[in-house]
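In order, the protein sequences belong to chains S and X.
FYI, the numbering for the first sequence is 2 to 538, going by this note's numbering.
FYI, the numbering for the second sequence is 19 to 315, going by this note's numbering.
Don't be surprised by glycine CBs; every beta carbon is placed ideally from N, CA and C.
Treat the numbers as computed from the prediction; the structure is a model and nothing was measured.
What follows is a short report on a single structure.
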Amino acid sequence: MSDTPLVVENLSFRYRDRTDTAIRNISFEAKPGEVLLIAGASGCGKTTLIRCLNGLIPRSYKGEISGSVRVFGEDTSTWKLAQISQKIGTVLQDPERQILGTRVLNEVAFGLENLGLPREEILERADEALRFLKIFHLRERETFTLSGGEKQKVALAGVLAMRPSILLLDEPLASLDPASAQDALDTARFLADQGMTILMVEHRVEDVLRIKPERVMFMSGGEIRYLGSLSGLSKVVNYREVKLPAKEIVERAKQDPPPAEIRILPGAAGKGESEALVRFEDVAFGYEADVEVLHGINLEIRRGDVIAVVGPNGAGKTTFVKHAIGLLKPKRGRVLVNGRDTREASVAQIASTLGYVFQSPSHMLFAPTVYDELAFGPKNLKHAKEQIEQEVKEALRIVNLSAQEQDPPLALSFGQQKRVSIAAILAMQSRILVMDEPTAGQDYQNYMNFMDSILQLPTFEAILFITHDVDLAVIYANRVLIVNEGRLVADGTPQEVLRDFDRLKANRLVPTSLLALNLERFPATGRFMKAEALAHI
Amino acid sequence: MGEGETMLVAWKYRKRENSFIQSFDPRAWLIFYACYLVGLVTFWDVRYLLPFFGVALFVLFTSGVKWHEIRRAFLFIVGFVFFFAILTFLTGRGGVEHYQQEHLIRQFKASFSILGWVPTLDITVERVFYAISQFVKVSSLAIMTILIPYSLDPRLYGITFKGLGLNDKFAYAMDLTMRFIPTFARDFQLTVDAQRARGYELEKLSGGLVEQVRKMGPIFVPVIIHAIIGSEDIIDAMDLRAFGIGPRTWIDVLERRRRDDILIRIGVVLLLASVMLGVLGLGNFWVPDALLTLAGG
């Protein structure tokens with residue numbers, strides 16, 4: 002038996018129904034106590050690599066595989082999944098999708114129950130995993146009442162209870178608020194320091210750097226483009242592809258021409274003084290009769306506003322924003338859109354002035370082609386045929402999907418689907434745009450590009466987006482709202498709201514290197530901007 | 019909570035103090051419930067059905083379920099049952115297999131005619147009693163069924179089915195299925211919301227039946243696709259934790275006590291008695307003789 006936990010040699014895989022290989026000639030080793038960060042754009046093959054390692058390929062996903070995966074010197078190709086899962090634990094991208102148990106204890110014990118261990122041993126090992134992750138107090142809770150960060154820890158506990166030596170974390174930060182993300186990273190570091198081998202797939206490279214991963218693998222087009230120490234990464238990858246710390250971007254961007262100036266909301270300019278497009282008057286709401294989740298929100302969205310709504314998981318951000326389009330009606334107070342009470346208008350009527358992009362694209366995609374999907378909204382709003390064609394083409398251009406116009410949306414990757422869902426609303430040509438976590442599950446380069454484009458569209462008079470990414474607020478917003486426990490905790494310009502680090506921490510937000518750099522340069526710049534732009538000032 | 023959730027949601031179960039239904043082992047209750055169902059469907063005689071109705075009401079009022087929790091589901095089902103009882107009453111259809119002859123109490127004739135047809139409502143003894151029997155029967159069934167998700171601890175679903183003799187895989191699949199229903203309902207709502215935000219109006223569906231179904235595509239396609247994708251993730255998650263490799267340990271333990279045995283016995287006696295009475299030809303549709311005489315029969 003070899004001491005090296007994981008040796009991958011010449012691994013290639015092609016999915017049965019695809020013509021091109023998903024990954025090619027992947028070779029690497031991973032050592033005990035090491036955090037290996039795996040980064041790369043959507044579709045680079047990260048998820049396929051993970052599936053090859055944990056055995057879902059070729060056991061659940063069929064196709065053509067070559068090369069080898071060896072765990073402590075043994076080739077896993079003949080192993081059963083159950084055998085692999087005791088050596089290699091996997092926490093899938095979305096913890097909500099892998100939690101099966103109704104109660105935390107049942108969830109953590111699930112794998113051990115399947116192994117048929119004696120009941121006492123299961124309880125002992127489950128409790129040990131819960132204590133290890135400091136979540137023993139959650140033991141009896143029902144899993145669907147947990148916060149995002151808690152769900153992830155519970156999912157992790159379920160995997161750790163099986164005592165694997167290697168842990169695969171597939172985009173562990175994707176659905177977490179910044180403080181929970183930091184917590185998740187600290188946990189990963191802690192596990193590695195205990196001797197585990199951690200492979201972490203993550204877009205948010207800058208965040209992971211804080212826990213000093215021993216090595217970074219950068220994948221692109223199914224191949225390894227870089228594998229080595231952190232310091233070498235920024236030399237081989239483009240700073241537009243991967244989010245690097247702000248100071249490094251500034252260094253690198255100095256050699257490039259300055260980025261084009263973003264003219265936000267050209268449609269709002271010169272249209273007169275800040276008129277209230279949407280007005281919240283003492284809005285209170287609760288899903289159940291006796292539990293209030295929003296408590297008296299007062300707010301005006303004015304022409305020219307680009308608003309970032311930030312705050313912890315479960316703070317009521319989505320509930321709050323759904324009131325703007327009338328999907329939820331206040332229990333107390335009222336919401337006015339264009340001066341009209343949302344109680345007196347149908348959602349469809351409001352939709353013609355206010356476009357709302359949902360968090361998850363899979364809840365809305367249905368049409369046979371991307372074109373039809375995008376034409377659906379404008380058709381419902383009774384736009385003319387020629388106009389619809391123009392609107393659809395323009396929306397596709399913005400989200401960089403013109404080539405996929407005739408493809409079925411359901412066959413696209415998650416990132417592409419998300420962009421279709423955004424384009425479907427863009428095509429409706431509303432005056433106000435509301436987006437719930439527009440960048441979730443997107444790679445850095447893609448979301449920066451479409452955010453740039455959306456902000457510069459002439460149609461919108463105001464934009465509001467919910468995000469966990471403080472940098473999006475820094476770069477794009479001219480107004481930031483912090484929502485916590487159903488209340489509006491702060492409302493002001495980014496420089497006013499984000500300057501107060503104590504307040505950020507109290508609301509589970511974490512200052513970023515870009516924020517720090519912008520604050521430092523603020524006396525000279527007078528406003529917040531991208532790191533690339535800072536490089537030229 | 020965000021709207022992008024995909025995890026399984028549980029029914030509105032709560033541990034309720036002094037609840038009669040919750041004082042039993044869920045296995046015992048399900049066995050009793052099955053016996054009750056068979057008994058209930060055997061009879062059409064309202065005199066036989068009323069005791070069943072009485073049991074259902076007793077279980078409802080001792081369940082500890084608060085009215086506000088159950089109100090919406092309950093009103094919907096009772097309304098539905100009532101609507102169908104009235105409908106069969108008005109049309110006179112539905113009961114024909116149970117009675118050949120009708121005894122008229124009163125006839126209402128409309129004072130107008132439509133293309134030569136005069137709308138007529140015959141109130142007959144048989145129709146009245148059929149509607150009453152139907153209402154009693156289906157209400158009993160609805161009450162007993164609706165109480166289960168409110169009273170059965172979801173974390174015991176799996177072990178309950180296992181305890182009823184299903185194998186591990188099947189028992190866990192039942193567990194997931196039970197919990198899939200509310201998740202499905204929530205996904206459905208999210209999709210309706212997402213499409214409404216794109217100007218889609220479910221209320222304004224027009225055209226023939228086929229056309230209407232076609233226009234429901236924006237709702238059904240995402241809901242179904244979501245369900246499929248969701249189940250793939252669930253299968254991956256189960257595979258990755260060694261599900262189905264061999265005999266499974268269940269950490270929850272069910273305890274069968276004396277009262278559970280008694281309940282099962284009562285259920286079995288009920289079942290046997292019902293079947294026997296059915297075989298003897300008792301419990302069929304019944305109307306009081308007095309009424310027949312009154313109606314001039």
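Point to revise | Cβ contact check for the stretch 520 to 538 of chain S and the stretch 348 to 362 of chain S: 3 or more pairs under 8 Å | key: no
Check your understanding: If you draw a straight line from the C-alpha of S/P33 to the C-alpha of S/M197, how long is it?
Key -> In the first sequence, the residue the question calls residue 33 of chain S occupies position 32. In the first sequence, the residue the question calls residue 197 of chain S occupies position 196. Between S/P33 and S/M197, the C-alpha separation is close to 5 Å.
From S/Q99 to X/Y190, what does the alpha carbon distance come to, in whole angstroms? Sequence index remark: in the first sequence, residue 99 of chain S carries index 98 (1-based). Sequence index remark: in the second sequence, residue 190 of chain X carries index 172 (1-based). C-alpha separation (whole angstroms): 15 Å.
Q | Separation of S/A396 from S/I298, as counted between CA atoms | A | Residue mapping note: residue 298 of chain S aligns to position 297 of the first sequence, counting from 1. Residue mapping note: residue 396 of chain S aligns to position 395 of the first sequence, counting from 1. Using only the alpha carbons, I get a separation of about 33 Å.
Original post:
Would S/I302 pass as a contact of S/I433 if the rule is Cβ separation under 8 Å?
Top reply: Locating residue 302 of chain S in the first sequence gives position 301, counting from the first residue. Locating residue 433 of chain S in the first sequence gives position 432, counting from the first residue. Yes, they are a contact pair.
Practice task
Using a Cβ cut-off of 8 Å (strictly closer), state whether S/A376 contacts chain X.
Solution key: Your numbering for residue 376 of chain S matches position 375 in the first sequence. Cβ-Cβ to chain X under 8 Å: no for S/A376.
*asked:* Quick check: is the beta carbon of S/K569 nearer than 8 Å to any beta carbon in chain X?
replied: The requested residue 569 of chain S is not part of the displayed model; chain S covers only 2 to 538.
Q.
Against chain X, which members of the stretch 318 to 340 of chain S pass a CB distance test of less than 7 Å?
A. T319, I326, L328
* To do: Could you run through the stretch 166 to 186 of chain X and flag, in chain order, every residue whose CB is less than 7 Å away from some CB of chain S?
  => P172, R173
Please specify which runs of the beta strand (DSSP E), each continuous and at least 3 residues long, are wholly inside the stretch 60 to 112 of chain X, giving them in chain order.
-> none
Quiz item: Closer than 7 Å, Cβ to any Cβ of chain X: which residues of the stretch 399 to 424 of chain S, in chain order?
Solution: L411
| message | Looking only at its chain, what residues have a beta carbon closer than 8 Å to the beta carbon of S/C45, apart from the 5 residues adjacent to it on each side? | response | In the first sequence, counting from the first residue as 1, residue 45 of chain S sits at position 44. These residues qualify, in order along the chain: M220, S221, G222, G223.
| said: What does the alpha-carbon distance come out to for the pair S/A175 and S/K394? | reply: Counted from its first residue, the first sequence places residue 175 of chain S at position 174. Counted from its first residue, the first sequence places residue 394 of chain S at position 393. Cα-Cα distance, rounded: 30 Å.
Close-in-space but distant-in-sequence residues of the same chain around X/T24 (CB under 6 Å, 5 per side omitted)
Your numbering for residue 24 of chain X matches position 6 in the second sequence. The predicted model places X/T24 with a pLDDT of 38, which falls under 50 and marks its position as unreliable; any figure quoted below should be read in that light. Taken in chain order, the residues that qualify are G248.
Thinking S/P362 and S/Q418 are a contact (beta carbons under 8 Å), I'd like their distance in whole angstroms, please. Translated into positions along the first sequence, residue 362 of chain S becomes position 361. Translated into positions along the first sequence, residue 418 of chain S becomes position 417. Contact flag correct, Cβ pair sits at about 4 Å.
task: Can you give me the start and stop residues for the beta strand (DSSP E) that S/L7 sits inside?
output: Reading the first sequence from its first residue, position 6 is the one you call residue 7 of chain S. Residues 7 to 16.
Look at the Cβ atom of S/Y357, then the Cβ atom of S/I326, and state whether they are nearer than 8 Å.
Taking the first sequence and counting its residues from 1, the one referred to as residue 357 of chain S is at position 356. Taking the first sequence and counting its residues from 1, the one referred to as residue 326 of chain S is at position 325. For S/Y357 and S/I326, yes; Cβs fall inside 8 Å.
Cβ contact check for the stretch 126 to 133 of chain S and the stretch 277 to 286 of chain X: 3 or more pairs under 8 Å:
no
For S/I464, I'd like the list of residues in its chain whose CB is within less than 6 Å of its CB, leaving aside the five on either flank, ordered along the chain. Locating residue 464 of chain S in the first sequence gives position 463, counting from the first residue. V307, L434, listed in sequence order.
Task: Contact with chain X by S/E172, beta-carbon distance below 8 Å - done: Start at 1 with the first residue of the first sequence, and residue 172 of chain S comes out as number 171. By this cut-off, S/E172 is not an interface position.
Roughly how many angstroms lie between the CA atoms of X/A308 and X/F61, to the nearest whole one?
-> As a position in the second sequence, residue 308 of chain X is number 290, starting the count at 1. As a position in the second sequence, residue 61 of chain X is number 43, starting the count at 1. Each residue's Cα considered, the two are about 21 Å apart.
**Prompt:** In whole angstroms, what separates the C-alpha of S/Q443 from that of X/G217?
**Reply:** Residue 443 of chain S sits at position 442 when you count from the first residue of the first sequence. Residue 217 of chain X sits at position 199 when you count from the first residue of the second sequence. Computed Cα separation, rounded: 26 Å.
Evaluate contact between the stretch 278 to 285 of chain S and the stretch 244 to 262 of chain S, counting only Cβ atoms and requiring at least three cross-stretch pairs below 8 Å. no
Practice task
With a threshold of 16 other CB atoms inside 10 Å of the CB of S/P214, please say whether the residue is buried or exposed.
Solution key: As a first step, residue 214 of chain S is located in the first sequence; it is residue number 213 there, counting from the start. The residue is buried, with at least 16 neighbouring Cβ atoms inside 10 Å.
Which residues in the same chain have their Cβ closer than 6 Å to the Cβ of S/G315, if we skip the five residues on either side of it in sequence?
-> The residue you call residue 315 of chain S lines up with position 314 of the first sequence. Counting only Cβ-Cβ distances below 6 Å, and skipping sequence neighbours, we find S148.
Less than 8 Å between CB atoms is the rule here; does S/R488 satisfy it with respect to chain X?
On the first sequence, residue 488 of chain S is found 487 positions in, with the first residue counted as 1. Judged by the 8 Å Cβ criterion, S/R488 is not in contact with chain X.
For X/G176 and X/K187, what's the separation of their Cα atoms in angstroms?
The residue you call residue 176 of chain X lines up with position 158 of the second sequence. The residue you call residue 187 of chain X lines up with position 169 of the second sequence. Roughly 9 Å separates the two Cα atoms.
### Task
Give the DSSP-derived three-state secondary structure of X/T195 in the structure shown.
Residue numbering aside, residue 195 of chain X sits at position 177 when the second sequence is read from its first letter. In this structure, X/T195 counts as helix in the three-state DSSP scheme.
Q | Segments assigned beta strand (DSSP E), at least 3 residues, entirely inside the stretch 307 to 374 of chain S | A | 307 to 311, 333 to 338, 355 to 358
### Query
Mind pulling the chain X residues with CB within less than 9 Å of S/S86?
The residue given as residue 86 of chain S occupies position 85 in the first sequence. Residues of chain X passing the Cβ test: D257, L258, R259, A260.
Interface residues of chain S facing X/W62 [CB-CB closer than 8 Å]: In the second sequence, counting from the first residue as 1, residue 62 of chain X sits at position 44. Ordered by position in chain S, no residue passes the 8 Å Cβ test against X/W62, which lies about 40 Å from the chain.
- Message: Using 8 Å as the threshold, is the C-beta distance between S/L411 and S/V471 below it?
- Response: Numbered from 1 along the first sequence, position 410 holds the residue referred to as residue 411 of chain S. Numbered from 1 along the first sequence, position 470 holds the residue referred to as residue 471 of chain S. No, the Cβ-Cβ distance between S/L411 and S/V471 is not below 8 Å.
Near S/N26, which residues of its chain fall below 7 Å by C-beta distance, leaving aside the five closest residues on each side in sequence? Along the first sequence, one-based indexing puts residue 26 of chain S at 25. Result list for S/N26: N11, S13, E224, in chain order.
Check your understanding: So, S/V105 versus S/L57, is the Cβ gap smaller than 8 Å?
Key -> To locate residue 105 of chain S, count along the first sequence from 1; it is residue 104. To locate residue 57 of chain S, count along the first sequence from 1; it is residue 56. The answer is no: Cβ separation not under 8 Å.
Using beta-carbon positions only, say whether S/R132 and S/G64 come within less than 8 Å of one another. Along the first sequence, one-based indexing puts residue 132 of chain S at 131. Along the first sequence, one-based indexing puts residue 64 of chain S at 63. Against a cut-off of 8 Å, the Cβ pair of S/G64 and S/R132 comes out as no contact.
I'd like to know whether the C-beta atoms of S/N401 and S/F451 end up nearer to each other than 8 Å. As a first step, residue 401 of chain S is located in the first sequence; it is residue number 400 there, counting from the start. As a first step, residue 451 of chain S is located in the first sequence; it is residue number 450 there, counting from the start. Their beta carbons are under 8 Å apart, which means S/N401 touches S/F451 by this criterion.
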